[in-house]
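One structure is given here, and the rest of the page talks about it.
4 protein chains.
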Amino acid sequence: MTYRVLIDANDEKGLVYKVSSLFFKYDLNILSNSEFVDKESNKFFMRSVVDGAIDKEELTNALLEVLPKNTAVRVIEPKKKNIILMATKEMHALGDILVRHEEGELDANILAVISNYNLLEPFVSKFNIPYITISHEGLERGEHESKIIEVINGFEDVDYIILAKYMRILTPRFVEAFEEKIINIHHSFLPAFIGANPYKQAYDRGVKIIGATAHFVNNNLDEGPIIAQDVIDVNHAHNWKDMQRNGRDVEKVVLSRALKLALEDRIFVYANRTVIF
Amino acid sequence: MTYRVLIDANDEKGLVYKVSSLFFKYDLNILSNSEFVDKESNKFFMRSVVDGAIDKEELTNALLEVLPKNTAVRVIEPKKKNIILMATKEMHALGDILVRHEEGELDANILAVISNYNLLEPFVSKFNIPYITISHEGLERGEHESKIIEVINGFEDVDYIILAKYMRILTPRFVEAFEEKIINIHHSFLPAFIGANPYKQAYDRGVKIIGATAHFVNNNLDEGPIIAQDVIDVNHAHNWKDMQRNGRDVEKVVLSRALKLALEDRIFVYANRTVIF
Amino acid sequence: MTYRVLIDANDEKGLVYKVSSLFFKYDLNILSNSEFVDKESNKFFMRSVVDGAIDKEELTNALLEVLPKNTAVRVIEPKKKNIILMATKEMHALGDILVRHEEGELDANILAVISNYNLLEPFVSKFNIPYITISHEGLERGEHESKIIEVINGFEDVDYIILAKYMRILTPRFVEAFEEKIINIHHSFLPAFIGANPYKQAYDRGVKIIGATAHFVNNNLDEGPIIAQDVIDVNHAHNWKDMQRNGRDVEKVVLSRALKLALEDRIFVYANRTVIF
Amino acid sequence: MTYRVLIDANDEKGLVYKVSSLFFKYDLNILSNSEFVDKESNKFFMRSVVDGAIDKEELTNALLEVLPKNTAVRVIEPKKKNIILMATKEMHALGDILVRHEEGELDANILAVISNYNLLEPFVSKFNIPYITISHEGLERGEHESKIIEVINGFEDVDYIILAKYMRILTPRFVEAFEEKIINIHHSFLPAFIGANPYKQAYDRGVKIIGATAHFVNNNLDEGPIIAQDVIDVNHAHNWKDMQRNGRDVEKVVLSRALKLALEDRIFVYANRTVIF
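Chains as they are written, first to last, in the numbering used here: chain A, 1 to 277; chain B, 1001 to 1277; chain C, 2001 to 2277; chain D, 3001 to 3277.
Written out as structure tokens, the structure is:
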């Protein structure tokens, strides 16, 4: 049996020794191993992939026993994770995930695509993925989200909710309901532009680079822990619609990259940051 | 004689025709030619490199005659431009320019390096460039800048003032005294961080990319027209000092790139943007 | 009426003047204009987008009349181009084009997908694009290609044939039948690796970057004029299958970028090079 | 005392346990830790930074005792390494290292610059670094190298020889004399071009990207284990001299990056590859 072991502890001397001696005791073979210590916050992170004959609970308990109090231990058996995609009207980020899924590149079951419009239904249906339209029209934000939460909770074991260009702001209630489970993609600029139509503002400033950031969603809009980022060059000949169009190419690549990191259990979140192995 | 011809006009039908027919009439050979029309602002930009036997004034006047009112025409004879470098304590951006200058890569005379500290004097002196320390200590910002302005104005025909990590904020008076002549480099992030120690803030957010922006300085601090930008990857293992150190590699490359564009007269500035040919 | 005007001539004085005076005479508005002179080969390239009331033939003839002998003039009315996609077993490059097409991002009709296997048929059928399997089994290369050529020639006005990971070598006969119409994508490395399994070889050398090159296909395998290139970082922890997987992300982005340049008539080919406006 | 511990062993179960238990036994604090197992070659690599009261020999012996036969253990006390720079006529790569050294960014003593020309002497002298001209004129390759080897061997404890655009081919004798100590930078292209003037060839092919590769030098010219690589974009408007000039910016950045990795003892070499922590 192969397991991914993720350990998140307050740093102290001997942690690697304690973990590795336990792996040795249980005759587990280490296939890969990554560690990181954040000295400022005195936090220790470790991700090991091990192989051997022990069950998940036993390994978890054995680790908890030797490690300091308040250590978080996750022993994960690699298998397809359950994800829900949310989208609004754009196809690029959603389509990139659906094609990767179709090609067998993603270790995931796509349970459904949820949208506030029915626009993408014909497209999503091609892939035999359930498409659920939950219109926001005539509803207060809270009511609308309640309906979405209800639909999501109707599925069992949802691991991640991927906002593949879902263009509505989420309330704290929604975010808290799925803590560290919601991954969003948004355009990014240097410098940043706040307010309406950032692409128009970026054009007006004549930026030479535009980017995209994939991040976990927390209560501060577009401010959660960053998972992946990338950029492309633009120039004066790109009007803001060109920038937006080109920006899509970065958005989809960065979101898919973040999704894969999540599916492979490579991300630790702490404070407002990520450690990625 | 070779000239760079830069034209900045309100767009109307026939501009390229008018310019190129005049080049043809004066038997000028077009070595290169770039045009751009910004439809939103209805502005036309053209940069031609031409070769032939006509003098600068004659060509300028001939162009002004055929082109619409309020057209700006610059006919520039390629030659070394006069630049002044300003720095504070860091060597990397300054050093990159000095080495390029030494290697003969820059079409520029470096008139002087001005700094508010004498720290870099031994380094700059190696290159036989005058180093002028103008300490800000005990002076109000206005007084300090007056002294710098006086020194700069003591030189003839200063084309550009390059802020190679000059770490003091410039007042509107200073900026206006050298409009579209001051080029600055500053670190950039996606998202942007405002306030003290942006590298520390960027680290706290766990950014995966850091960048640098070279721009003309106008009255809005760090908000002038962007000339060049670039980024490098960082990860959780880089603490904020690592980020700062790695950021220097981008800063120096981007500033030198912007300087070269300026020395080759490739930059148009309008509104708060640049067109770069 | 809007036209794209592409001119490819031996360079001589007055070409821009001649073209722009003709545009002016016919009251055509220049929406954008790009020129390039390759001094070494003395070649002049110009791409203009003009708007006005003249028909295609008239404009072509008028241009040919004023321009030097042997000038190639193309006056193109922007409209959807007809493309055929060819693939073998992989979905990523094909899927990227199909999703962009579905989203309306490509100015193209996809006439068909041709493959030497039927593997991708279920996927392509989702998009209501004809899928034509032409198996190579039991056929000599020449026979197999004859069948493909026949199928392609059964369509009218095929503008481009896009090899979206079509993994068979084309013979000179095939290539000559569709000169400057076939665009291929292939992985690229620094340094290059010749022979079987280049990803394995790249891994063995420990490359830190892998790339992709989109190019027109000519008789020298993988050696045609380059249209677009890009790279991504890899490291020692990526085995050659990881590299191959990550390489796909670059391949699909670069192929789609090249396709768009072709659809917008932005590419000139000469000698073994491209000029791209 | 802080040490960098580098272990290179045949992989077997329990290696991390054995090493970390020994660190624990000697009360050493692990400041950072990286491991990598190359499954194909069954090789295990580990780099730890530890802090504690034990001397170098004792720690080395203790490690060798618990680890399998044929394990290579290096316990390194971080201190300035001794490097010799070799150059020919170009200043950019050399200058970048000299400025970083001057700024105190490099953990290195530059013992000397050796060149086959005296051209760069005035430049290097500014930095108070000995400049040794060893002309190759009138000498056979072997004689010339003997003189260089003699000079190098006149210095004690040379850790690295950095070829900062040293443009002469080294013989196997020279390379073997300084195994895994010589780092070179050379331009790289996708695809690669063999023979005279690769920039000219790259121009002729119309490449859109040019790169640089820093690598250890072994007997196969330009074929040693790769340490670092990077690229920049070029286009049809860059002639081959422009490409060469722009290429310098990548060369210097990549060489300095490789040098820093070497100075920090982050590189393992095996087979013809590197593992870089």
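A virtual CB, placed ideally from N, CA and C, is assigned to each residue, including glycine.
Since we're looking at a predicted model, the values are computed, not measured.
Over the uninterrupted alpha helix (DSSP H) stretch that includes residue i, give me the two end residues.
i	result
Ile-149/A	141-153
Ile-2129/C	Careful: Ile-2129/C lies outside any alpha helix (DSSP H) and carries neither H nor E.
Leu-3059/D	3056-3066
Phe-1174/B	1172-1177
Tyr-3017/D	3015-3025
Val-254/A	240-263
Ala-1202/B	1198-1205
Asp-1096/B	1092-1102
Would you say residue i reaches chain B, if we count a Cβ-Cβ gap shorter than 9 Å as a contact?
i	result
Glu-2040/C	no
Phe-24/A	no
Tyr-2017/C	yes
Asp-3051/D	no
For residue i, decide whether its Cβ has a neighbour in chain A, counting only Cβ atoms nearer than 9 Å.
i	result
Ser-2256/C	yes
Asp-3027/D	yes
Ser-2032/C	yes
Ala-2112/C	no
How would you label residue i, buried or exposed, when you count the other beta carbons within 10 angstroms and need 16 or more for buried?
i	result
Arg-3173/D	exposed
Pro-1130/B	exposed
Glu-58/A	exposed
Asn-153/A	exposed
Gly-1224/B	buried
Asp-157/A	exposed
Pro-2198/C	buried
Asn-3042/D	exposed
Glu-143/A	exposed
Lys-3018/D	buried
Met-3086/D	buried
Ala-3271/D	exposed
Met-2001/C	exposed
Thr-2133/C	exposed
Gly-138/A	exposed
Asn-1975/C	What is shown of chain C runs 2001 to 2277, which leaves residue 1975/C out entirely.
Asp-1265/B	buried
Residue j and residue i - do their beta-carbons sit closer together than 9 Å?
i	j	result
Val-217/A	Leu-263/A	no
Arg-3248/D	His-3136/D	no
Met-3167/D	Ala-3202/D	no
Ile-183/A	Ala-258/A	yes
Ile-2084/C	Ile-2149/C	no
In the DSSP assignment, find the beta strand (DSSP E) that holds residue i and state where it starts and stops.
i	result
Asp-2038/C	2029-2038
Phe-268/A	267-270
Leu-2120/C	From DSSP, Leu-2120/C is part of no beta strand (DSSP E); its letter is neither H nor E.
Val-1050/B	1043-1051
Asp-2233/C	2226-2233
Asp-3157/D	Here Asp-3157/D belongs to no beta strand (DSSP E), and DSSP marks it neither H nor E.
Ala-3087/D	3081-3087
Tyr-1166/B	Neither: Tyr-1166/B is in no beta strand (DSSP E) and is coded neither H nor E.
Do we get a CB-CB distance below 9 Å when we pair residue i with the residues of chain E?
i	result
Tyr-203/A	You won't find chain E in this structure, because its protein chains are A, B, C and D.
Would you say residue i faces chain C, with C-beta separation under 9 Å as the test?
i	result
His-3136/D	no
Gln-3229/D	yes
Ile-3226/D	yes
Compute every distance between the C-beta of residue i and the non-hydrogen atoms of the ligand NAD, then say whether any falls below 8 Å.
i	result
Ile-3210/D	In the structure on display, the ligand NAD does not appear, and there are no ligands present to speak of.
Please confirm whether residue i has its beta-carbon closer than 9 Å to some beta-carbon of chain D.
i	result
Glu-35/A	yes
Gly-211/A	no
Gly-14/A	yes
Which of the residues in the region 3073-3097 of chain D, read from start to end, lie with their CB under 8 Å from any CB of chain B? Glu-3090, Met-3091, His-3092, Gly-3095, Asp-3096
Looking at chain A, which residues of the region 1257-1277 of chain B have a Cβ within less than 8 Å of any of its Cβ atoms? Ala-1271, Asn-1272, Arg-1273, Thr-1274, Val-1275, Ile-1276
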